[in-house]
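For reference, the structure is listed below as structure tokens.
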Amino acid sequence: MAKKKSHEEEIRRGAVALQQKGVAMDDVSPALVPRLKAEFRQGKEIDLAIIFALGKIVDPTAVEALAAIDKQTTDKEIKKEIKRSFFKLAQRGLAIPREESSEARSPTALFDRTPEIEAYMSSVDGAGGRLIWIAKPQPNHGLQVIQAMVNDREGLQRIVGAQIRRKELRKMAQEIEQQHGVAMILIPWEYADELVYEGFEKAKSHGRSGGLENFHEIRSVVSTARPKIQQHPIYSKLNSEVVREGAWRELSRRLLDEPEFRFWILDDDFAQSFLSQLQEAQTSRLVLNPMQKEERLASIVRDAVEALCAGEMGKLMQRRMEDMALYLFETGRAELAQLALAVALQIKEGAPGPLDVSFLTGLVQKSFAFHISQEKTKAEEETSLIVKP
274 MAKKKSHEEE IRRGAVALQQ KGVAMDDVSP ALVPRLKAEF RQGKEIDLAI IFALGKIVDP
334 TAVEALAAID KQTTDKEIKK EIKRSFFKLA QRGLAIPREE SSEARSPTAL FDRTPEIEAY
394 MSSVDGAGGR LIWIAKPQPN HGLQVIQAMV NDREGLQRIV GAQIRRKELR KMAQEIEQQH
454 GVAMILIPWE YADELVYEGF EKAKSHGRSG GLENFHEIRS VVSTARPKIQ QHPIYSKLNS
514 EVVREGAWRE LSRRLLDEPE FRFWILDDDF AQSFLSQLQE AQTSRLVLNP MQKEERLASI
574 VRDAVEALCA GEMGKLMQRR MEDMALYLFE TGRAELAQLA LAVALQIKEG APGPLDVSFL
634 TGLVQKSFAF HISQEKTKAE EETSLIVKP
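Numbering-wise (the working numbering), the sequence shown opens with residue 274 and increments by one.
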């Protein structure tokens, strides 16, 4: 009884959240179906409320939407709610798709899959680095795995090919998570290949080829053609048209509290020009009252945020935030994934806009504090080396 009450409460909370987003939950017309589909994968409670609402819309489009959702999820509770909604619609005379055999439908665990080619990616580190694995099954010989480390500023840093068993790949992923707190998420292999190839091209443009001589030979396991540029996979999981609704600018600062963002520090070469301005503002002979001084410092931070969204740096930051949105989504943090994608979309526009994006402001402030602390420590160490008479 308590379990049923808890389930109903989840649906109620999800319905309230949808109403706050402007979804007319009392509407039972087919016109509501596209909006409900667009809100799917915004969190479990919302998903349950969507499925419950679709079960009240007596129209084939609701059946089609439920069938599409059923194919996208492996969550047992959500699948049970889909069955309930199917049953309600069948009682109202609608044709319901036949259930596939349990063998065809049984969900497989991560690293237990057997597609043609599969790929995995880590979170993005503070320097813009990602670990990428691309694995192709070899009949009776385990997996042919490409392991690559890609930095979005420096390009491909290393790449190796190896033949290993799936059990070993699973163990490697477990060790990375245990030792570093970083999960390896499943991503489309075509996107992984695009990242690796872009990294190789960038490394080559920087005149660096050491350790990359066998790139084409290693990559030939999955492809010999130049990869096609495609839409980032996060856009097939989250609705980009709704993520910037509400107070996302203010809420985005929550991202900095996540373990994967705690060590994000902007590069020294990006920060230096602004640090010199900060130092000048603090040591200026001009007589400024505290409020004027505070505004001058805030102005420098705003300029840095503007620079973070512009040009080549803007493109790098957009990709970093898109990758992190995907990572957060695949690790069960859908609301934070929406915030990360909202930041990415704002950066894509080339400017932070007239209002503060708290994540970007916080990142700049944290980076400035880190570099100032480093310079202070360095100066103290140099002073301590001076021999006093």
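Note that the Cβ used here is the ideal one computed from N, Cα and C, for glycine as well. Keep in mind that this is a model prediction, so the values were computed, not measured.
- Task: Classify A392 as helix, strand or coil using the three-state DSSP reduction.
- Result: Of the three classes helix, strand and coil, the one that applies to A392 here is strand, per DSSP.
- Message: Just to confirm my understanding: we take F632, look at its own chain, exclude 5 residues before and 5 after, and list those with CB closer than 7 Å. What are they?
- Response: So the list reads S525, R526, L528, L529, V616, once near-sequence residues are dropped.
- Query: Which residues mark the beginning and the end of the beta strand (DSSP E) in which A421 is found?
  - Reply: Element bounds for A421: 416-424.
- Leaving out five residues on either side along the sequence, give the residues of the same chain with a beta carbon under 6 Å from the beta carbon of F547. The beta carbon of F547 sits closer than 6 Å to the beta carbons of I573, A577 from its chain, once the five residues preceding and following it are set aside; these are given in chain order.
- Message: Contact defined as beta carbons within less than 8 Å: I believe L511 pairs with A610. What is the distance between those atoms, to the nearest angstrom?
- Response: Their Cβ separation, rounded to whole angstroms, is 6 Å, which keeps L511 and A610 in contact under 8 Å.
- In the DSSP assignment, find the beta strand (DSSP E) that holds L459 and state where it starts and stops. Here the beta strand (DSSP E) through L459 covers 458-460.
- Query: Is the segment 323-334 touching the segment 278-293 in the sense that three or more CB pairs, one from each, lie closer than 8 Å?
  - Reply: Output reads yes: the segment 323-334 touches the segment 278-293.
- Item | Option in H489, E463, L459 with minimal Cα separation from F473 | Ranked by how close their Cα comes to the Cα of F473, the residues H489, E463, L459 have H489 in first place.
- For P273, which residues does DSSP report across the bridge? With the chain covering 274 to 662 only, the question about residue 273 has no answer from this structure.
- Message: Ignoring anything shorter than 3 residues, give me the beta strand (DSSP E) runs that lie fully in the segment 450-489, in order along the chain.
- Response: Those beta strand (DSSP E) runs which fall completely within the segment 450-489 and span 3+ residues are 458-460.
- Assumed close pair I330, V296 - CB separation to whole angstroms, cut-off 8 Å: By a beta-carbon distance limit of 8 Å, I330 does not contact V296. Their separation comes to about 13 Å.
- Task: Report yes if the C-beta distance between Q420 and Q436 is below 8 Å; otherwise report no.
- Result: Their beta carbons are not under 8 Å apart, which means Q420 does not touch Q436 by this criterion.
- Query: Can you give the Cα-Cα distance for H505 and V397, rounded to whole angstroms?
  - Reply: C-alpha separation (whole angstroms): 15 Å.
- Query: Should I460 be labelled buried (16 or more other beta-carbon atoms within 10 Å of its own) or exposed?
  - Reply: It is buried - the Cβ of I460 has at least 16 other Cβ atoms within 10 Å.
- Where does I437 sit, in a helix, a strand or coil, going by DSSP? Reduced to three states, the DSSP call for I437 is strand.
- Task: Could you check the C-alpha separation between G669 and S509 for me, to the nearest Å?
- Result: The chain is shown from 274 up to 662; residue 669 falls before or after that span and cannot be answered.
- Where does the unbroken alpha helix (DSSP H) through S358 begin, and where does it stop? It spans 349-364 - the alpha helix (DSSP H) in which S358 sits, taken as one unbroken run.
- Select from C582, H644, L551 the residue whose C-alpha is nearest the C-alpha of R569. Closest by alpha carbon: L551.
- Give a yes or no on contact between the segment 328-342 and the segment 356-368, applying the rule of three or more CB pairs nearer than 8 Å. Short answer: they touch.
- So what does DSSP say about R592, is it helix, strand or coil? Secondary structure of R592 (DSSP, three-state): helix.
- Leaving aside the five residues before and after T387 along the sequence, list all residues of the same chain whose C-beta is less than 7 Å from its C-beta, in chain order. At T387 the pLDDT is 49, less than 50, meaning the model places this residue with poor confidence; the figure from the coordinates comes in the next sentence. So the list reads P410, once near-sequence residues are dropped.
- Cβ shell of E608 (< 8 Å), same chain only, five flanking positions each side left out: Listed in chain order, the non-local C-beta contacts of E608 below 8 Å within the same chain comprise Q315, G316, local neighbours out to five positions each way being set aside.
- Message: Can you tell me whether L404 is helix, strand or coil according to DSSP?
- Response: In this structure, L404 counts as strand in the three-state DSSP scheme.
- Message: Is K294 a contact residue of the ligand ADP, with contact defined as CB to any heavy atom under 7 Å?
- Response: The model depicted lacks the ligand ADP and carries no ligand whatsoever.
- Query: By how many angstroms is the C-alpha of K310 removed from the C-alpha of K444?
  - Reply: Distance from the CA atom of K444 to the CA atom of K310, rounded to whole angstroms, is 37 Å.
- Work out the CA separation of P303 and I405 for me, nearest whole Å. Spanning the two alpha carbons is a distance of roughly 43 Å.
- Message: Classify Q503: buried if its beta carbon has 16 or more other beta carbons within 10 angstroms, exposed otherwise.
- Response: Residue environment analysis places Q503 among the exposed positions, since fewer than 16 neighbouring C-beta atoms fall within 10 angstroms of its C-beta.
- Task: Would you kindly report the start and end of the unbroken alpha helix (DSSP H) that includes E318?
- Result: Residues 317-327.
- How do the segment 530-545 and the segment 634-643 stand: do at least 3 beta-carbon pairs fall below 8 Å, yes or no? Yes: the two stretches touch, three or more of their Cβ pairs being nearer than 8 Å.
- Query: By Cβ distance below 7 Å, which residues in the same chain neighbour R357 in space, the five residues on each side in sequence not counted?
  - Reply: Here the set comprises G328.
- Quick one: give me the first and last residue of the alpha helix (DSSP H) that Q619 is part of. Run containing Q619: 607-621, per the alpha helix (DSSP H) assignment.
- Mapping DSSP to helix, strand and coil, what is L539? Residue state, collapsed to three classes: coil.
- Got a sec? Which residues, its chain only, sit under 6 Å from I449 by beta carbon, not counting five neighbours each side? The residues V455, in chain order, have a CB closer than 6 Å to that of I449 in the same chain once the five nearest residues on each side in sequence are set aside.
- Over the uninterrupted alpha helix (DSSP H) stretch that includes T334, give me the two end residues. It spans 333-345 - the alpha helix (DSSP H) in which T334 sits, taken as one unbroken run.
- Alpha carbon to alpha carbon, how far is M394 from R431? Give it in angstroms, no decimals. R431 and M394: Cα-Cα distance of roughly 15 Å.
- Query: If you count every other CB in all the chains shown that lies within 10 Å of the CB of D299, and 16 or more means buried, which is it?
  - Reply: Label assigned to D299: exposed.
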